[in-house]
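Asks:
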Amino acid sequence: MHCPSWCTTRHSPGLGEENWLHVSEPLALDDGALARLCLSVDPDTGTADGPYVLIGSTEYTLKEAEGLGAALVALAGSGGDIGTAEVGAP
């Protein structure tokens, strides 16, 4: 398997098992949490596991991460109408 275009790992035979791990640049989130893409490859079979989005120590499939992103955008978008509603109005 070739290295994905997003991988920033400096691969070399001296890395051992780490040589089969592909990791992206981190995306800094609030409170010091980092998000990054991660993919591992079995050196014997070439079978890929991932890619996944890691946020802190939580692993998300790409579909789960897309859903989380969409939910956050929707949540933030719903906050924009606060100036149009009267306080206490049904």
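Counting in the UniProt record's numbering, the sequence shown runs from 1 upward without gaps.
Here a beta-carbon is modelled for each residue, glycine too, at the ideal position from N, C-alpha and C.
1) Please state whether DSSP places D42 in a helix, a strand or coil.
2) Going by CA-CA distance only, name the one from G77, W6, K63, A70 that's closest to L27.
3) Please report whether the beta-carbon of E18 lies at a distance below 9 Å from any beta-carbon of chain C.
4) Please report the distance separating the alpha-carbon of D42 from that of K63.
5) Got a sec: does the ligand ADP put a non-hydrogen atom nearer than 8 Å to the Cβ of A71?
6) Is the distance from the Cβ of L29 to the Cβ of G50 below 9 Å?
7) Whole-angstrom Cβ separation of L34 and P4, contact assumed at under 8 Å?
Replies: Let's see:
1) D42: coil per DSSP, three-state reduction.
2) When the alpha-carbon of L27 is set against those of G77, W6, K63, A70, the nearest one is in W6.
3) Among the protein chains of the structure shown there is no chain C, as only one such chain exists.
4) Separation of D42 and K63 (C-alpha to C-alpha, rounded to the nearest whole angstrom) is 22 Å.
5) With respect to the ligand ADP, the structure offers nothing, as it holds no ligand at all.
6) Result no, Cβ atoms of L29 and G50 do not sit closer than 9 Å.
7) Incorrect: roughly 18 Å between the Cβ atoms, too far for contact.
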